[in-house]
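Residue numbers (my numbering): 1 to 91. C-beta atoms are modelled at their ideal positions from N, C-alpha and C, and glycine is treated no differently. As structure tokens, the structure follows; a few thoughts come after it.
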């Protein structure tokens, strides 16, 4: 699930997943972090889910996927768009 907060010249996008699905550490990997695993690892939050927030330029589009333990790559269906094998978000 994606949560968005609009700021003056940027958008804060929070990537949200359940606490234990999939199990183990998960990071969001995309063109905004040069596809570097571990650059944005989801952390537990008070509502029992895990999340990480990334600041992105407003009115832009970005491709991303999640990477979980065991080299398990998966998409975010809530992004609403695809870019080949990747999820695509619009700010």
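Close-in-space but distant-in-sequence residues of the same chain around residue i (CB under 8 Å, 5 per side omitted)
i          : result
residue 39 : 27, 29, 33
residue 2  : 13, 14, 15, 16, 76, 78, 79, 89
residue 36 : 29
Residue i burial status per 10 Å Cβ neighbour count (16 or more: buried)
i          : result
residue 90 : exposed
Helix, strand or coil at residue i [DSSP, three-state]
i          : result
residue 9  : coil
residue 33 : helix
residue 83 : strand
Cutoff 6 Å; reference residue i; Cβ partners in own chain excluding five residues on either side
i          : result
residue 5  : 12
residue 73 : 65, 67
Start-to-end residues for the beta strand (DSSP E) that takes in residue i
i          : result
residue 55 : 50-57
residue 61 : 61-68
residue 88 : 86-90
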